[in-house]
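Written below as structure tokens is the structure these notes are about.
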Amino acid sequence: MRVFLLAFSLCLILVSNAGFAAAPPRATAEEREVAAAFDAAKAALADQRGGDAVPLLSRASVKALESVRAAARAPGDSAVDRLEPAERFAAMGLRRYLGPSELRRMSVGDIADHALKQGWLGPNIIARSALGPVRVKGDHASALLMVDNRPAMVPADFVREGGAWRIELANVFSFGSQMLKGFAAMSGKTETAYIADLLDKLPAAKPGMMKR
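Quick note: the sequence shown uses the working numbering, first residue 952, plus one each step.
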């Protein structure tokens, strides 16, 4: 679960690919455009330029990430508690690894850069991922996301906005929330308590970080 440390980690896993597997042939111009959006994000992530991947996300995806950041920086727990489990996990993770002053100062792009530089994705996650066959239907597209040459449980989704293809994270958030809800139910704990336990199993925050 450490790769779900924050919402942008979900994004980074979705769009990561540093050439682990050869890309399949793209039959149509639209498929090539979708793959190009993926490749642009891939290049940014491989160079540890997480902020450059933010403009490649859909408007709804950026809004969701902004909501996570806003909840994490808000005083108290009410804003975080209103989030769905995947976003709540992300907000609670941000609070664990970033101090209040950092949360006030850092943008979503700044957090993305920090996540990559701190290795929050875990070792080699970018190199192990690749984009599989692409299917386009109107202004929406999806592609098989491959990890170690095997299909991931969640596809890579895209939406066309303003004539350009953008990465859509709605299904990633939904899948993460369903997983957390299920695991919490099996554990007999509330979702928030289960998330807190997961975070406690992650590496400790660096000295000086403030918990809430």
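Ideal placement from N, C-alpha and C gives every residue a C-beta, glycine not left out. The model shown is predicted, which means the values in this text are computed figures rather than measured ones.
Within the DSSP bridge table, the entry for I1146 names no partner.
The bridge partners DSSP lists for M1097 are A1081 and P1102.
Between A980 and S1009, the alpha-carbon positions lie close to 20 Å from each other.
The three-state secondary structure of K1140, taken from DSSP, is coil. When rounded, the separation of the alpha-carbon atoms in A1037 and R983 is 31 Å. Membership of D1061 in the alpha helix (DSSP H) is indicated by the continuous run V1059 to K1068.
Just measuring C-alpha positions, the residue of M1057, F1040 and Q1069 sitting nearest K1132 is F1040. With a 10 Å radius around the Cβ and a threshold of 16 neighbouring Cβ atoms, R1086 comes out exposed.
Each of A1107, K1088 and A988 was checked against the Cα of L1096, and the nearest Cα belongs to A1107. Measuring C-alpha to C-alpha distances from A1021 to each of A1144, G1001, D998 and L1045 identifies L1045 as the nearest. The beta-bridge partner set that DSSP reports for F1109 consists of A1092 and I1118. Looking at Y1048, N1122 and W1116, the one whose alpha-carbon comes closest to that of L1153 is Y1048.
Contact annotation: L996 and L1082 have beta-carbon atoms that are not nearer than 9 Å. Under DSSP, V985 shares a beta bridge with no residue.
Here the alpha carbons of A1023 and L1054 stand approximately 7 Å from one another.
In terms of CA proximity to L1016, D1061 leads the group A1136, L1149, S1052 and D1061. Judged by their CB atoms, R1117 and F1124 are not nearer to each other than the 9 Å cut-off.
Note that the C-beta distance between A978 and A1115 is not below 9 Å.
Residue S1080 holds the alpha-carbon nearest to the alpha-carbon of R1101 among V985, S1080, I1146 and S1029. Exclusion of the five residues before and after A1135 leaves T1141, E1142 and Y1145 as the residues of its chain whose Cβ lies within less than 7 Å of its Cβ.
Using a 10 angstroms sphere on the CB of G1001, the tally of other CB atoms reaches 16 or more, which defines it as buried.
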